Amino acid sequence: MKAIINWFIAPYKTVKSEIQLFSNLKNQDTTSNEEKMRIFQLQLFNILLLAVYTLFFGAFFVYIGLLFVVGWYALSGIIVGLIMMSLIKVTQEKRYLKRRDAFIKNDPTIIKS
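Residues 1 to 113 (full-length UniProt numbering) are what the sequence shown spells out, left to right.
Listed below in structure tokens is the structure:
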């Protein structure tokens, strides 16, 4: 049960750690204005990604409630919600985190593999 709960809240933990990292990077004296602007863009991206995830997360539970009211038709909403939440998590873990540092420094050679 704990693994399921961790699966659902993992994007929230990731965004929280990213926001803390970005605030530390912004406060460093060695960060240029261009890098600060890129950090701000990544902060907005994280907030919007979390908003979309929260939308599907909430809809997932609404459709679970509707499953008892309207029957099996609500199962399609549950499946779509799970698929979209999985896609958001994969995008965050496999694409975004590997390219974050390269985007901040504007250097495509430091993309993590």
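We put the CB at the ideal spot given by N, CA and C, even for glycine. Being a predicted model, the structure only gives us computed values, none of them experimental.
Label LEU55 either buried or exposed according to how many other C-beta atoms from any shown protein chain fall within 10 Å of its C-beta, with 16 as the threshold for buried. The residue given as residue 55 occupies position 55 in the sequence shown. LEU55 comes out exposed.
Would you mind listing the alpha helix (DSSP H) stretches within the segment 65-103 that are 4+ residues and don't spill past its ends, in chain order? Listed in chain order, they are 75-90.
I need the straight-line Cα distance from LEU48 to LYS26, nearest angstrom please. Here residue 48 corresponds to residue number 48 of the sequence shown, with the count starting at 1. Here residue 26 corresponds to residue number 26 of the sequence shown, with the count starting at 1. Going from the Cα of LEU48 to the Cα of LYS26 covers about 20 Å.
Is the segment 71-82 in contact with the segment 29-39, if contact means three or more CB pairs nearer than 8 Å? Contact between the segment 71-82 and the segment 29-39 is not established, with fewer than three Cβ pairs separated by less than 8 Å.
Going by Cα to Cα distance, which pick from ILE4, LYS13 and ILE5 is closest to GLU93? Here residue 93 refers to the residue found at position 93 when the sequence shown is read from its first residue. The shortest C-alpha separation from GLU93 is found at LYS13.
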